[in-house]
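**Student:**
Chains as they are written, first to last, in this note's numbering: chain A, 1320 to 1530; chain B, 169 to 486.
1) Unbroken beta strand (DSSP E) runs of length 3 or more, entirely within the stretch 219 to 288 of chain B: which are they?
2) Can you pull the chain A residues whose beta carbon is under 8 Å from the beta carbon of residue 188 of chain B, in chain order?
3) Please confirm if the stretch 254 to 271 of chain B is in contact with the stretch 1455 to 1473 of chain A, defined as three or more CB-CB distances below 8 Å between the two stretches.
4) Which of helix, strand or coil does DSSP assign to residue 187 of chain B?
5) Under 8 Å between C-beta atoms, does residue 362 of chain B make it to chain A?
6) Consider the Cβ of residue 197 of chain B: report whether some Cβ of chain A lies at a distance smaller than 8 Å.
7) Looking only at its chain, what residues have a beta carbon closer than 7 Å to the beta carbon of residue 1453 of chain A, apart from the 5 residues adjacent to it on each side?
8) Quick one: what does DSSP say residue 147 of chain B is sitting in, helix, strand or coil?
9) Threshold first: 4 residues or longer. Then list the alpha helix (DSSP H) segments lying entirely within the stretch 439 to 480 of chain B, N to C.
10) Mind pulling the chain A residues with CB within less than 8 Å of residue 240 of chain B?
11) So residue 1525 of chain A contacts chain B; which residues on that side make the cut at Cβ distance below 7 Å?
12) Is residue 397 of chain B close to chain A, meaning its C-beta is less than 8 Å from at least one C-beta of that chain?
13) Against chain B, does residue 1383 of chain A count as a neighbour if the rule is that its beta carbon must be under 8 Å from one of theirs?
14) Give me the residue from B/287, B/397, B/244 with the minimum Cα distance to residue 315 of chain B.
15) Just how far apart, CA to CA, sit residue 203 of chain B and residue 1394 of chain A?
16) Tell me whether residue 406 of chain B sits in a helix, a strand or coil according to DSSP, three-state version.
17) Would you kindly work out how many angstroms separate the C-alpha atoms of residue 320 of chain B and residue 326 of chain B, rounded to a whole number?
18) Taking 8 Å as the threshold (beta carbon to beta carbon), is residue 1364 of chain A in contact with chain B?
19) Pair every Cβ in the stretch 200 to 217 of chain B with every Cβ in the stretch 401 to 420 of chain B, then say whether three or more of these pairs are closer than 8 Å.
20) Give the single residue among B/376, B/179, B/222, B/242 whose Cα lies nearest to the Cα of residue 1463 of chain A.
21) Between which two residues does the beta strand (DSSP E) containing residue 1351 of chain A stretch?
22) With 8 Å as the threshold, decide whether the Cβ of residue 219 of chain B is near any Cβ in chain A.
23) Could one say the Cβ of residue 225 of chain B lies closer than 8 Å to chain A's Cβ atoms, at least one of them?
24) Could you pull out every residue in the same chain whose Cβ sits closer than 6 Å to the Cβ of residue 1518 of chain A, ignoring the five residues on either side in sequence?
25) When Cβ atoms are compared, which residues of the stretch 264 to 277 of chain B fall closer than 7 Å to chain A?
26) Could you give the residue range of the alpha helix (DSSP H) that holds residue 297 of chain B?
27) I want to see whether chain B comes within less than 8 Å of residue 1482 of chain A, judged by CB atoms only; does it?
28) Let me see if you follow: with CB-CB separation under 8 Å, is residue 473 of chain B close to chain A or not?
29) Of all the CB atoms in chain A, is at least one closer than 8 Å to the CB of residue 491 of chain B?
30) Chain A beta carbons: is any one of them nearer than 8 Å to that of residue 408 of chain B?
31) Keeping to the same chain, check which residues put their C-beta closer than 8 Å to that of residue 474 of chain B; ignore five residues upstream and five downstream.
32) Would a check of beta-carbon distances place residue 1342 of chain A closer than 8 Å to chain B?
33) State the DSSP-derived secondary structure class of residue 1515 of chain A, mapped to helix, strand or coil.
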């Protein structure tokens, strides 16, 4: 195939762009800059680990149905795994977010990494919220009753009806996890492609700035 | 920020490196988190307070249920006067000149008279007084129906929801209809009838939830579980479990003036809309934080990053 034809192809453009920005050495590195040596760095991977437990327990719950955990001890355990992993997910993510803020981790053309991370946080709140609405217990009844006023007040309730169990369960197990999954994937790929942000004063000497 | 600094900070790191096993770290994190989560699940389980049913409500608080049924017929319940997206009874809340709820329209129509009372009653075989009452109601015009229901609702309210103390009056079939619905609910037939509305497949609990919320019983259960919005209920959970703590900021606005005072105009009376607007703006602010002057400079001024990179700063004498 001639170079000109290849140049016009979307597939070859994507391949070359991928190879240039995210070669396998960046995707699966075996070294990191020496400054990547703080406990704060663990919260990113811990967030992903909690997300893994959420997805695994959520898959089991989705196969067994929304009411399974009310009458099955195994179901209650799996539901508890889902519940506690969500709690940890948010703890880890909030610490990760604060850590990245104080590191000004958007420096060095990493703005999109921050934006995807923040979007994942906001999207996760929406996902968790729909999860609370489909517990099929008193808590979900009350949350849907109260929350409707907020969404109705700005017109969102006309399309996003929190008292509609069918709509909420579909959003929780299908639409929102896909959105969160895609955003998270982009976020992680950006982290790998751009690398971990260097310390704020790392280049003061090169820039001739006072230490 | 200088272009040169951006260039340096975005370039691949050329300084000292250390060994790093990405896969091992990921697997270790997954295993540790799974073990901790499994341990907590075994020790503490998860919250699961049973759902409130109409049978439970009608048996535990029959006077409240009965009065609520009358309010649904009279159009004085919370749902009957709600506005969009359920009906056109009111304009709903607003953001100054913006009536977003009203403009979005009635997308989930709820007719409290028929959806909550009359249609469910027609799905069961009723005793003679209720069957006759249904015939009388359905054979009357809307004005007469409204007069009966309003008269009885007013009288029942004056009698503190004690039907036995309501004086005789022009109430038509309303007492019999409310009594029939109470009997139906106590027998456990109302939950399904409200949901199905005569259909087979149904997964929308809107009508059940709205009816349940119109009475006092459901609210009282929530108060007992510390779930009311005025007491940080949005981030609470039933029992002694952590709730949606990540909603603390959303919940916070409901605790402070003017939003915690429903009589305050325009903010308290329209708190739901204003708080939704504030949280929407703050969420956009979080997403765009690196672009906000002042906020984006904080990490440079408050040198918490020196703790994060403590070793690096020591080794490089920075």
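By construction, the Cβ of each residue, glycine as well, lies at the ideal position given by its N, Cα and C atoms.
**Tutor:** Looking at the atomic coordinates:
1) Within the stretch 219 to 288 of chain B, no run of beta strand (DSSP E) reaches 3 residues while sitting entirely inside it.
2) Numbered from its first residue, the second chain carries residue 188 of chain B at position 20. Result: 1348, 1349, 1350, 1351, 1355.
3) Three or more Cβ pairs closer than 8 Å define a contact, and the stretch 254 to 271 of chain B meets that threshold against the stretch 1455 to 1473 of chain A.
4) For the purposes of this step, residue 187 of chain B is taken as residue 19 along the second chain, with counting starting at 1. Residue state for residue 187 of chain B is assigned as strand, using DSSP reduced to three classes.
5) Working through the second chain from its first residue, we reach residue 362 of chain B at position 194. No, residue 362 of chain B lies away from the interface with chain A (no Cβ there is under 8 Å from its Cβ).
6) Here the question's residue 197 of chain B lines up with position 29 in the second chain. Chain A, which has a Cβ nearer than 8 Å to the Cβ of residue 197 of chain B, makes this yes.
7) Numbered from its first residue, the first chain carries residue 1453 of chain A at position 134. Once the five neighbours on either side are set aside, the close Cβ partners of residue 1453 of chain A are 1385, 1459, 1484, 1487, 1488, 1491.
8) For residue 147 of chain B there is no data in the structure shown, the boundaries of chain B being 169 and 486.
9) For the stretch 439 to 480 of chain B, the continuous alpha helix (DSSP H) assignments of 4+ residues that do not extend past its boundaries occur at 439 to 455, 466 to 469, 473 to 476, in sequence order.
10) For the purposes of this step, residue 240 of chain B is identified with residue 72 of the second chain, where counting begins at 1. Near residue 240 of chain B there are no residues of chain A at all, since even the closest Cβ is about 16 Å away, more than 8 Å.
11) Within the first chain, the letter at position 206 stands for residue 1525 of chain A. Chain B residues near residue 1525 of chain A: 176.
12) Working through the second chain from its first residue, we reach residue 397 of chain B at position 229. Closer than 8 Å: yes.
13) To locate residue 1383 of chain A, count along the first chain from 1; it is residue 64. Not an interface residue.
14) The residue you call residue 315 of chain B lines up with position 147 of the second chain. Residue 315 of chain B has its Cα closest to that of B/244, out of B/287, B/397, B/244.
15) Position 35 of the second chain, counting from 1, holds the residue named residue 203 of chain B. Position 75 of the first chain, counting from 1, holds the residue named residue 1394 of chain A. One Cα belongs to residue 203 of chain B, the other to residue 1394 of chain A, and the distance between them is close to 18 Å.
16) Walking along the second chain from the start, residue 406 of chain B turns up at place 238. Residue 406 of chain B: coil per DSSP, three-state reduction.
17) Along the second chain, read from residue 1 onward, the residue named residue 320 of chain B stands at position 152. Along the second chain, read from residue 1 onward, the residue named residue 326 of chain B stands at position 158. Computed Cα separation, rounded: 10 Å.
18) As a position in the first chain, residue 1364 of chain A is number 45, starting the count at 1. Look at residue 1364 of chain A: its C-beta is under 8 Å from a C-beta on chain B.
19) They touch, by the three-pair rule.
20) Your numbering for residue 1463 of chain A matches position 144 in the first chain. Selected option, being the one with the closest Cα: B/376.
21) Residue numbering aside, residue 1351 of chain A sits at position 32 when the first chain is read from its first letter. Segment 1350 to 1352, the beta strand (DSSP E) holding residue 1351 of chain A.
22) Counting from 1 along the second chain, the entry for residue 219 of chain B is found at position 51. Taking Cβ atoms only, chain A reaches closer than 8 Å to residue 219 of chain B, which makes this a yes.
23) Stepping through the second chain from its first residue, residue 225 of chain B is reached at position 57. No, residue 225 of chain B does not count as interfacial toward chain A.
24) Taking the first residue of the first chain as position 1, residue 1518 of chain A is located at position 199. 1354, listed in sequence order.
25) Going along the stretch 264 to 277 of chain B in chain order, one finds 268, 269, 271, 272, 273, 275, 276 with a Cβ nearer than 7 Å to chain A.
26) Position 129 of the second chain, counting from 1, holds the residue named residue 297 of chain B. Per DSSP, the continuous alpha helix (DSSP H) segment holding residue 297 of chain B begins and ends at 296 to 306.
27) As a position in the first chain, residue 1482 of chain A is number 163, starting the count at 1. Interface criterion met: the Cβ of residue 1482 of chain A is under 8 Å from a Cβ in chain B.
28) Here residue 473 of chain B refers to the residue found at position 305 of the second chain. Yes, contact with chain A.
29) Residue 491 of chain B lies beyond the residue range present for chain B, which begins at 169 and ends at 486; the question has no answer from this structure.
30) As a position in the second chain, residue 408 of chain B is number 240, starting the count at 1. Closer than 8 Å: no.
31) What you label residue 474 of chain B is simply residue 306 of the second chain in a count that begins at 1. Sequence-distant Cβ neighbours of residue 474 of chain B in its own chain, meaning closer than 8 Å and more than five residues away, are 481.
32) For the purposes of this step, residue 1342 of chain A is taken as the residue at position 23 of the first chain. Using a CB distance cut-off of 8 Å, residue 1342 of chain A does not count as an interface residue toward chain B.
33) Residue numbering aside, residue 1515 of chain A sits at position 196 when the first chain is read from its first letter. Correct three-state label for residue 1515 of chain A: coil.
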